[in-house]
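Colleague:
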Amino acid sequence: MVNELKNIEKISIKKFQEDLISWFKAEQRDLPWRKDQDPYKVWVSEIMLQQTRVDTVIPYFNRFIEWFPTIEDLANANEEKVLKAWEGLGYYSRVRNLHSAVKEVNANYGGQVPDTPKEISTLKGVGPYTAGAILSIAYGVPEPAVDGNVMRVLSRILLIWEDIAKPSTRKVFENAVRQVISHDEPSAFNQALMELGALICTPTSPSCLLCPVRDHCQAFHEGVETKLPIKTKKNSQRSVDLAAIIVKDESGKILIHKRPENGLLANLWEFPNVELHQPFVMERAQISGLFRESFDMNIKLEKNIGQIEHIFSHLVWNIRLYIGTIDAEFLENDEWKFITLDEIEEHAFPVSFHKMLKLYKEYS
DNA sequence: AACACGTGGAT
DNA sequence: TATCCAAGTGT
3 MVNELKNIEK ISIKKFQEDL ISWFKAEQRD LPWRKDQDPY KVWVSEIMLQ
53 QTRVDTVIPY FNRFIEWFPT IEDLANANEE KVLKAWEGLG YYSRVRNLHS
103 AVKEVNANYG GQVPDTPKEI STLKGVGPYT AGAILSIAYG VPEPAVDGNV
153 MRVLSRILLI WEDIAKPSTR KVFENAVRQV ISHDEPSAFN QALMELGALI
203 CTPTSPSCLL CPVRDHCQAF HEGVETKLPI KTKKNSQRSV DLAAIIVKDE
253 SGKILIHKRP ENGLLANLWE FPNVELHQPF VMERAQISGL FRESFDMNIK
303 LEKNIGQIEH IFSHLVWNIR LYIGTIDAEF LENDEWKFIT LDEIEEHAFP
353 VSFHKMLKLY KEYS
């Protein structure tokens with residue numbers, strides 16, 4: 003705490019702001035969410051960019067704004083379409099929270115995104131980073147927007163050795179930003195910090211010789227830029243074995259199941275599946291028994307057509323894929339239905355589903 | 001505080 | 001191949 007205060011004194015804040023912002027104005031990327039400062043579009047882009055690369059986000063952002071051009075359009079959209087717009091982006095709770103928050107803004111804020119830290123922070127999915135990003139970029143409010151880039155860049159410039167993997171560390175950087183942010187151009191300043199982190203001050207091999215604020219950088223001065231930031235590593239992921247089944251009815255439709263509204267891949271559709279706690283001793287008849295226990299359905303597994311691995315951030319799915327049949331008297335409801343291949347376009351599925359579908363098509 | 005929560009790309 | 005990510009938030 004005392005440490006970074008002292009380091010901030012070592013630099014000329016005014017000159018640092020000028021060097022950083024003029025670089026940003028000259029070198030910033032031409033990105034679709036930078037065409038205007040519509041708070042709604044800034045909001046959508048910031049949610050999409052959470053833990054997600056710019057190159058990945060661009061096509062999703064363009065299509066999302068085509069489908070839902072305004073707050074009112076998104077507020078009135080049905081969830082299936084909204085999830086479909088997010089299909090493949092990951093962290094699906096982001097878009098369910100965004101949908102919920104946009105409905106809130108449409109209903110209780112006259113369709114105007116709130117412009118105060120207190121109000122905007124009450125919106126679902128808007129945490130400290132996103133609040134600061136929207137307030138500064140869309141409204142010019144000098145609030146910190148501390149993401150991974152900002153922590154990396156400032157840890158180097160200000161020689162901050164705290165572990166950025168610790169939740170409490172974000173406050174240290176917010177405090178630092180409050181002391182160096184430009185009150186004339188908070189939008190350009192915050193975006194410049196992130197842009198610098200993305201283009202120059204990268205994690206492994208920063209391009210210090212091209213850096214517009216190299217002269218202000220304590221880490222460069224000390225030759226320790228690649229030692230920062232300090233970030234402890236996370237635990238390894240656990241592995242889960244699953245058996246999934248593709249069932250077709252007499253007209254050739256495939257059976258899908260809607261996942262629970264909370265937790266992993268919430269509200270997305272998938273092929274019926276069960277967890278295999280003893281994967282090496284499970285045979286088709288026993289797995290059929292698991293389906294009966296889990297869903298009270300009489301499913302017969304006819305043939306294993308292969309297996310896929312799907313890696314999440316925190317776990318690994320090893321999925322055995324079967325084809326099979328189900329009793330004719332099976333009833334459809336909100337969670338279970340048969341759909342045509344064309345109707346896949348009207349439902350949102352995780353990437354693992356598409357991997358299985360591809361395997362099935364190759365088998366057929 | 002620690003962990004759940006996705007995905008595809010970089011090294 | 002293994003690991004670490006990339007503009008974090010909710011619980």
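With the numbering used here, the residue at position 364 of the first sequence is 366, and numbering never jumps. Cβ coordinates follow ideal geometry from the N, Cα and C atoms, glycine included.
(1) Taking the CB atoms as reference points, tell me whether R154 and A221 lie closer together than 8 angstroms.
(2) Which residues mark the beginning and the end of the alpha helix (DSSP H) in which F18 is found?
(3) Which residue wins for smallest C-alpha separation from E304, given the options L323, E311, E295 and V318?
(4) Considering Cα atoms alone, identify which of I341, L212 and I60 is closest to F273.
(5) What residues in its chain sit with their C-beta under 8 angstroms from that of F282, if we drop five residues either side in the sequence?
(6) Is I139 closer than 8 angstroms to Q39 when the C-beta atoms are compared?
(7) Please report the straight-line C-alpha distance between D186 and P146, rounded to a whole angstrom.
(8) Would you kindly work out how many angstroms separate the C-alpha atoms of P352 and H223, rounded to a whole number?
(9) Using alpha carbons as the reference points, say which of T327, V107 and D165 lies closest to K229.
(10) On the three-state DSSP scale, how would you describe W381?
(11) Can you have a look at Q193 and say buried or exposed, based on whether 16 or more other CB atoms are within 10 angstroms of its CB?
(12) Please name the residue in W163, L361 and E197 whose C-alpha comes closest to that of I247.
(13) Could you spell out where the alpha helix (DSSP H) holding F222 opens and where it closes?
(14) Using CA coordinates, which residue listed in Y94, F18, V104 and L359 is at the minimum distance from T124?
(15) Decide if the stretch 13-26 is in contact with the stretch 56-74; the criterion is three or more beta carbon pairs, one per stretch, under 8 angstroms apart.
(16) What's the gap between the Cα of M3 and the Cα of V174?
(17) If you draw a straight line from the alpha carbon of E121 to that of I183, how long is it in whole angstroms?
(18) To the nearest angstrom, report how far apart Y42 and A77 are at their CA atoms.
(19) Using CA coordinates, which residue listed in P231, N99 and E295 is at the minimum distance from G129?
(20) Can you tell me which residues form a DSSP beta bridge with A245?
(21) Are at least three pairs of beta-carbons, each pair with one atom in the stretch 202-213 and one in the stretch 285-297, less than 8 angstroms apart?
(22) How would you write the range of the beta strand (DSSP E) that E304 sits in, first residue to last?
(23) Which residue marks the beginning of the beta strand (DSSP E) containing L137, and which one marks its end?
(24) Following the continuous beta strand (DSSP E) through W338, name the residue where it begins and the one where it ends.
(25) Would DSSP call L257 helix, strand or coil?
(26) Tell me the rounded alpha-carbon separation between N5 and V84.
(27) Taking the alpha carbon of L266 as the point to measure from, which residue in H101, Y94, T118 and T204 has its own alpha carbon closest?
(28) Kindly indicate which three-state DSSP category K229 falls into: helix, strand or coil?
(29) Rounded to whole angstroms, how far is the Cβ of S102 from the Cβ of K126, which I believe are closer than 8 angstroms?
(30) Which residues does DSSP list as the beta-bridge partners of K250?
(31) Taking DSSP as the reference, what is the three-state secondary structure of R172?
(32) Do V276 and L317 have their C-beta atoms within less than 8 angstroms of each other?
(33) Taking only the alpha-carbon atoms, compute the straight-line gap between N237 and E82 and give it to the nearest angstrom.
(34) Starting from R154, follow the alpha helix (DSSP H) in both directions and report where the run begins and ends.
Modeller: The short version:
(1) Their beta carbons are not under 8 angstroms apart, which means R154 does not touch A221 by this criterion.
(2) For F18, the enclosing alpha helix (DSSP H) begins and ends at I15 to E29.
(3) L323
(4) The shortest C-alpha separation from F273 is found at I341.
(5) Around F282: no qualifying Cβ.
(6) Taking 8 angstroms as the Cβ cut-off, Q39 and I139 qualify as a contacting pair.
(7) 14 angstroms
(8) 47 angstroms
(9) D165
(10) Residue 381 falls outside the range modelled here, since the chain spans only 3 to 366, and no answer is possible.
(11) buried
(12) L361
(13) That run of the alpha helix (DSSP H) goes Q220 to E224.
(14) V104
(15) Below 8 angstroms, too few C-beta pairs join the stretch 13-26 and the stretch 56-74 to call them touching: fewer than three.
(16) Caution is warranted here: a pLDDT of 42 is assigned to M3, below 50, making its placement in the model unreliable, and no coordinate value can be reported.
(17) Cα to Cα, E121 sits roughly 22 angstroms from I183.
(18) 12 angstroms
(19) N99
(20) V276 and R322
(21) Under the Cβ criterion (8 angstroms, minimum of three pairs), the stretch 202-213 does not count as touching the stretch 285-297.
(22) I301 to I313
(23) That residue, L137, is in no beta strand (DSSP E); its alpha helix (DSSP H) goes P130 to Y141.
(24) W338 to I341
(25) strand
(26) The predicted model places N5 with a pLDDT of 49, which falls under 50 and marks its position as unreliable; any figure quoted below should be read in that light. So the alpha carbons of these two residues sit roughly 46 angstroms apart.
(27) Y94
(28) The answer is helix: DSSP assigns K229 an H, G or I state.
(29) 5 angstroms
(30) I256
(31) helix
(32) Contact: no.
(33) 34 angstroms
(34) G150 to I159
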